[in-house]
Amino acid sequence: MSGFGSGTPKVFGTADQVNEFIDEDLAPSEGVPALRRRSAEASSSPQPAEQHTAPAEVAGSAAQEAGPSLLVQLSEPPTPAPTTPPRSGPVVEPQAVAVARSALRGEGVAVAAPAARASTGVRGVLAKLGLPIAPNEAEREALALDRNRFAAETLIRQSTWTRPVSVLVANPGGGMGKTTVSLLLGGTLAAVRGGFVVIPELADAPGMLAYRAEGTPALGIGELVQKVDTITSAGALDGYTKPQTSFASVIGSTGRRATLTRDDVRAVMAKTGEFYKIRVLDTGNDATSAAFLAAVEAADVLVIPVMGAADSAEHALRLVEGLREGDAHARELAASAIAVRLADGRTEHPEIVERVDASLAQAGVRRLFTIPYDQHIADRGELTLSRLQPATRDAFTFAAAAVIETLNSVVTRRA
1 MSGFGSGTPK VFGTADQVNE FIDEDLAPSE GVPALRRRSA EASSSPQPAE
51 QHTAPAEVAG SAAQEAGPSL LVQLSEPPTP APTTPPRSGP VVEPQAVAVA
101 RSALRGEGVA VAAPAARAST GVRGVLAKLG LPIAPNEAER EALALDRNRF
151 AAETLIRQST WTRPVSVLVA NPGGGMGKTT VSLLLGGTLA AVRGGFVVIP
201 ELADAPGMLA YRAEGTPALG IGELVQKVDT ITSAGALDGY TKPQTSFASV
251 IGSTGRRATL TRDDVRAVMA KTGEFYKIRV LDTGNDATSA AFLAAVEAAD
301 VLVIPVMGAA DSAEHALRLV EGLREGDAHA RELAASAIAV RLADGRTEHP
351 EIVERVDASL AQAGVRRLFT IPYDQHIADR GELTLSRLQP ATRDAFTFAA
401 AAVIETLNSV VTRRA
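Per full-length UniProt numbering, the sequence shown runs over residues 1 to 415.
Okay, structure coming up:
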């Protein structure tokens with residue numbers, strides 16, 4: 001797993017800290033015990049969770065490593081033209097020509113960046129006059145954030161697979177933010193990739209996905225499972241969705257419907273896989289239901305929404321434990337799980353939050369992201385990606401990049 005971050009170790013970030021990404025090696029929080037009821041089961045030497053308070057650069061290291069050798073090859077004098085007729089037979093492109101063409105496309109050639117100069121405030125004015133004025137700390141942080149955001153979005157946009165992939169959003173507790181994370185994580189992926197992301201509600205009973213999404217659909221998941229075998233085109237499937245301004249498509253419940261079965265979920269996954277590249281699965285509160293087990297079966301990566309409360313972590317721990325008792329696929333989901341912690345305005349106590357974080361780390365959840373408080377989320381109404389605060393949207397972007405990185409790893413291993 002590649003490293004994404006650097007900086008002062010913290011367990012989670014705050015609303016204004018989004019300029020680092022994923023750290024591989026962070027020290028555990030000192031003096032933070034696990035949740036009491038889990039202490040007997042915790043590992044004797046738990047590893048700390050990776051920290052995602054501030055994203056760091058996620059791309060470019062490969063180009064920097066490859067750059068010097070390519071530059072050396074390009075700087076060699078050209079080979080003199082042959083003085084004798086070439087031999088007959090197949091023509092093989094010389095390595096130098098291949099390297100030159102790669103350089104022409106900008107592949108692997110390291111280009112030294114110009115020294116940064118201030119661009120804002122009085123320092124920026126002086127720099128524009130030609131003085132070598134460097135950016136101040138605030139501007140340097142802003143520039144770093146811009147680079148990190150660009151790198152994360154590039155990873156999200158350019159990752160491809162040879163089959164449709166699925167992201168399971170699950171926490172058996174009610175009110176833990178599953179629907180919120182499903183909509184905003186899926187919306188972020190769709191906005192960056194330009195669509196081809198669907199968010200189906202795979203809860204056994206009707207949930208709030210359609211209510212929290214934009215628009216008022218006439219048809220939804222209940223109607224889809226009845227007609228799924230008759231759908232043969234993207235246009236036909238589109239009639240059961242709620243198109244979002246993020247370019248995601250949502251398939252929720254329009255009202256009362258029958259309980260989803262394992263076969264229902266399998267049929268929906270097969271049909272959506274024909275027309276969408278990424279499926280973000282919103283699930284219910286019963287981790288033993290047939291619909292949930294079928295969603296687990298179809299998932300490639302697990303995202304666990306949590307709050308800064310002990311009961312939220314307890315539900316998450318039960319989910320992870322249950323998956324570890326399952327088959328190899330379920331155990332792999334547990335091992336690569338990503339936690340996303342929401343702050344919706346409810347009272348949080350720092351000592352409880354630290355205990356939650358420590359318990360998740362002891363359970364093996366190594367990647368933890370904090371979504372800062374956002375009034376648009378706290379209103380518990382219709383969610384629109386573009387109405388999020390910049391720090392909130394950045395946090396979802398970096399969490400989405402971690403999901404994509406995990407997908408790149410697990411899908412490759414299963415190929």
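Ideal placement from N, C-alpha and C gives every residue a C-beta, glycine not left out.
Cα-Cα separation between residue i and residue j, rounded to whole angstroms
| i | j | result |
| --- | --- | --- |
| Ala159 | Ile404 | First, the residue type needs correcting, since residue 159 is Ser and not Ala in the sequence shown. Ser159 and Ile404: Cα-Cα distance of roughly 7 Å. |
| Leu129 | Asp379 | 48 Å |
| Ala358 | Leu168 | 23 Å |
| Leu224 | Leu385 | 26 Å |
| Ser409 | Glu332 | 12 Å |
| Glu214 | Gly255 | 16 Å |
| Ile377 | Arg387 | 9 Å |
| Leu183 | Val125 | 43 Å |
| Leu237 | Phe247 | 15 Å |
| Arg117 | Thr154 | 25 Å |
| Glu141 | Met269 | 42 Å |
| Ala343 | Ala287 | 24 Å |
| Leu383 | Thr180 | 8 Å |
| Gln375 | Gly381 | 10 Å |
| Ala316 | Lys271 | 30 Å |
| Arg212 | Ala134 | 45 Å |
| Arg318 | Leu202 | 20 Å |
| Arg355 | Glu314 | 11 Å |
| Val353 | Arg193 | 34 Å |
| Asp282 | Glu351 | 30 Å |
| Ala299 | Thr261 | 16 Å |
| Thr230 | Pro200 | 18 Å |
| Gly220 | Gln226 | 10 Å |
| His329 | Leu145 | 36 Å |
| Leu185 | Ala191 | 10 Å |
| Thr8 | Arg257 | Caution applies to Thr8, whose pLDDT of 39 falls short of 50 and renders its modelled position unreliable; the model cannot decide the point. |
| Ile338 | Gly345 | 22 Å |
Outcome for residue i when other beta-carbon atoms lying within 10 angstroms are tallied against a minimum of 16
| i | result |
| --- | --- |
| Thr406 | buried |
| Gly187 | buried |
| Val198 | buried |
| Pro78 | Because Pro78 carries a pLDDT of 49, less than 50, the predicted location of this residue cannot be relied on, and no value is offered for it. |
| Asp327 | exposed |
| Thr397 | buried |
| Pro172 | buried |
| residue 418 | Residue 418 falls outside the range modelled here, since the chain spans only 1 to 415, and no answer is possible. |
| Thr347 | exposed |
| Gln244 | buried |
| Arg414 | exposed |
| Gly222 | buried |
| Val18 | Any reading at Val18 must be qualified, since the residue scores a pLDDT of 40, below 50, and its modelled position is unreliable; the value itself is stated next. Label assigned to Val18: buried. |
| Thr259 | exposed |
| Gly239 | exposed |
| Asp263 | exposed |
| Thr370 | buried |
| Ala234 | exposed |
Beta-bridge pairing of residue i - partner residues as DSSP gives them
| i | result |
| --- | --- |
| Phe369 | Val340 |
| Arg279 | Ser166, Val198 |
| Lys242 | Val250 |
| Leu260 | DSSP output for Leu260 lists no bridge partner at all. |
| Val306 | Arg341 |
| Val265 | In the DSSP output, where bridge partners are listed per residue, Val265 has none listed. |
| Val301 | Val167 |
8 Å Cβ cutoff met for residue i and residue j
| i | j | result |
| --- | --- | --- |
| Thr120 | Glu137 | no |
| Ser249 | Val301 | no |
| Ser312 | Met176 | yes |
| Leu323 | Ala310 | no |
| Val228 | Ala291 | no |
| Ala400 | Ile156 | yes |
| Arg341 | Leu368 | yes |
| Val320 | Val365 | yes |
| Ala395 | Pro372 | yes |
| Lys242 | Pro217 | yes |
| Gly174 | Asn285 | yes |
- Item | Stretch-stretch touch, CB-based, cutoff 8 Å, three pairs: the stretch 261 to 280 with the stretch 162 to 181 | The stretch 261 to 280 is in contact with the stretch 162 to 181.
- Quick check: the stretch 200 to 216 against the stretch 251 to 269, are there 3 or more CB pairs under 8 Å? The stretch 200 to 216, when compared against the stretch 251 to 269, does touch it at the 8 Å Cβ threshold.
- Message: Counting beta carbon pairs with one atom in the stretch 354 to 368 and one in the stretch 305 to 324, are three or more of them shorter than 8 Å?
- Response: Counting Cβ pairs under 8 Å, three or more are found: they touch.
- Item | At least 3 beta-carbon pairs within less than 8 Å: the stretch 168 to 177 vs the stretch 287 to 297 | Counting Cβ pairs under 8 Å, three or more are found: they touch.
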